[in-house]
Ligand SMILES: *[C@@H]1O[C@H](CO)[C@@H](O)[C@H](O)[C@H]1NC(C)=O
Ligand SMILES: *[C@@H]1O[C@H](CO)[C@@H](O)[C@H](O)[C@H]1NC(C)=O
Ligand SMILES: *[C@@H]1O[C@H](CO)[C@@H](O)[C@H](O)[C@H]1NC(C)=O
Ligand SMILES: *[C@@H]1O[C@H](CO)[C@@H](O)[C@H](O)[C@H]1NC(C)=O
Ligand SMILES: *[C@@H]1O[C@H](CO)[C@@H](O)[C@H](O)[C@H]1NC(C)=O
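Numbering (the UniProt record's numbering), first residue to last: 1 to 443.
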């Protein structure tokens, strides 16, 4: 994968150096700058500059002190550094939309805290971030901040996302008539969040979602979505990045203040949530494909399992007391429990066939979680006992590494390695979609 991207990147990097060498001092840029100059000077044999450069930098460049021609090692080092450089240099323009598209929804406090709130969190983090540019001509990507999951139904309290399509369509009509940036790429360097089920199909029932499909106006854009499966699915048939569901970092912090990640864990296996005793057939489908019902029936009398069907605001204090936390599918495979388990140091037991997990390049999922196939649910007790007796300590050690836990949480201010940073890093691998970049490499 890295290799197939090598060529355009390298081309971009040389041209970019020409354009940006007057910008002041980011360290990464400086080292490219130095090497670029080395190369030019080697060719032109300009002794004066060479000498002064060499004297001032020789001690910091011992490993390749003399200006050697581009050897294989130089090339690959340049590539590695340029991939970090791509992120450092990347800029995102955030459209300033009328409040009815976003902040007006925040009058309901839940809007910025519920599990779909990554649409709010990413927006906030970008507004505060060094990756933001106020100059759209300098932008590689365009973020369109529309909050679609904040219209809570008064009947059941769940977000009503029926209006999502029209709200986004109207935002696109607005930006495409006021700015030239949408039309020039037909939206391909524009970024949206679709944090609800089933992503940009905008419906919680899979059959309806598939029938509705992804609206045409989003087909060319980049979607940040919680939904992800490792097989072909009409609701992820668009350029996208799988993101974690939103969990408030403050709530995690408060829980860990009372009981640390490495504290005592007296619950062997934990699950709290909807477990239907007699699941209903909803247009041909059963909630959680009946997996949760199976768990309930099989393990409710098993003393190793702590299973609860009712809501409890203090459930994080239960997670932090547990060794294993069950993360079975709901209507869709992903679950906020995955993030909470990891953030609170409980080994997630993922029971959701075909799930595609967020940020696989940052989070080493196989080392920090257990995956159990839906068909093996009956053997759950034996499987977990086996892990507890063999490699549990290793898994916990990996899991408690702060880097894994950081990658799944969104903060108001982007922190290196946190969830918004991971989104930006994933975007930096899609710079071939950027209009500005394509123009630079054509020059
Ligand atoms: C909220 O959702 C309901 C049901 O989908 C819809 O009728 C209503 O127009 C939405 N409200 C707004 C302000 O979009
Ligand atoms: C972009 O295209 C739409 C539809 O073709 C058009 O109505 C709009 O005026 C265009 N926007 C700009 C800024 O030219
Ligand atoms: C923009 O993309 C949509 C969806 O793929 C397509 O239907 C439309 O023809 C495209 N418009 C232009 C001007 O390329
Ligand atoms: C579920 O309901 C659908 C109709 O909505 C029906 O065709 C199907 O046979 C039912 N499945 C089961 C397992 O009852
Ligand atoms: C732990 O052991 C289980 C089998 O019991 C295996 O599936 C899993 O990959 C192991 N995990 C690690 C991190 O060693």
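Note that beta-carbon positions come from the ideal geometry of N, C-alpha and C, so glycine has one too.
If you look at residue 336, you'll find it isn't in any beta strand (DSSP E); it sits in the alpha helix (DSSP H) that goes 336 to 343. At the C-beta level, residue 272 and residue 305 stay beyond 9 Å of one another.
Distance between residue 402 and residue 202, taken at the CA atoms: about 34 Å.
Selection 337, 324, 362 evaluated against residue 346 yields 324 as nearest (Cα-Cα). The continuous stretches of alpha helix (DSSP H) do not include residue 236, and DSSP gives it neither H nor E.
Residue 411 and residue 138 have their alpha carbons spaced roughly 25 Å apart. One residue after another in chain order, those with a Cβ under 5 Å from a heavy atom of ligand 1 are 151, 160, 162, 163.
Distances between the C-beta of residue 183 and the heavy atoms of ligand 2 include at least one below 8 Å.
For residue 196, there is no enclosing alpha helix (DSSP H), as DSSP gives it neither H nor E.
Non-local beta-carbon contacts of residue 118 in its own chain, meaning distances under 8 Å to residues more than five positions away in sequence, involve 193, 195, 224, 226, 243, 244, 245, 246, 410, 419 in chain order. Between residue 134 and residue 191, the CB-CB gap reaches or exceeds 9 Å. In the structure shown, residue 92 adopts extended strand secondary structure according to DSSP, grouped into three states.
By alpha-carbon distance to residue 317, the top candidate from 86, 255, 293, 390 is 255. For residue 157, the Cβ stays outside the 8 Å cut-off from all heavy atoms of ligand 4.
Within the DSSP bridge table, the entry for residue 272 names 308 as partners. Counted as a single uninterrupted DSSP element, the alpha helix (DSSP H) harbouring residue 427 occupies residues 419 to 428. A Cβ-Cβ separation of about 42 Å leaves residue 430 out of contact with residue 378 under the 8 Å criterion.
About 4 Å separates the beta carbon of residue 352 from that of residue 329, a gap short enough to meet the 8 Å contact definition.
For residue 293 and residue 249, the gap between their C-alpha atoms comes out near 31 Å. Proximity of the stretch 145 to 162 to the stretch 102 to 122 meets the contact definition, three or more beta-carbon pairs being nearer than 8 Å. Residue environment for residue 358: buried (at least 16 other C-beta atoms within 10 angstroms of its C-beta). The beta carbons of residue 189 and residue 283 sit no closer together than 9 Å.
Here DSSP, grouped into helix, strand and coil, assigns residue 116 to coil.
If you ignore the 5 residues before and after residue 338, its C-beta comes within less than 6 Å of the C-beta of 327, 348, all in its own chain and listed in chain order. Here the alpha carbons of residue 321 and residue 291 stand approximately 24 Å from one another. For residue 434, the Cβ stays outside the 8 Å cut-off from all heavy atoms of ligand 5.
Taking a C-beta distance under 9 Å as the contact criterion, residue 398 and residue 350 do not qualify as a contact pair. The closest heavy atom of ligand 2 lies less than 8 Å from the beta carbon of residue 176.
Distances between the C-beta of residue 394 and the heavy atoms of ligand 5 include at least one below 8 Å. Around residue 168, the same chain offers 146 as residues with beta carbons nearer than 6 Å, after the five sequence neighbours per side are excluded.
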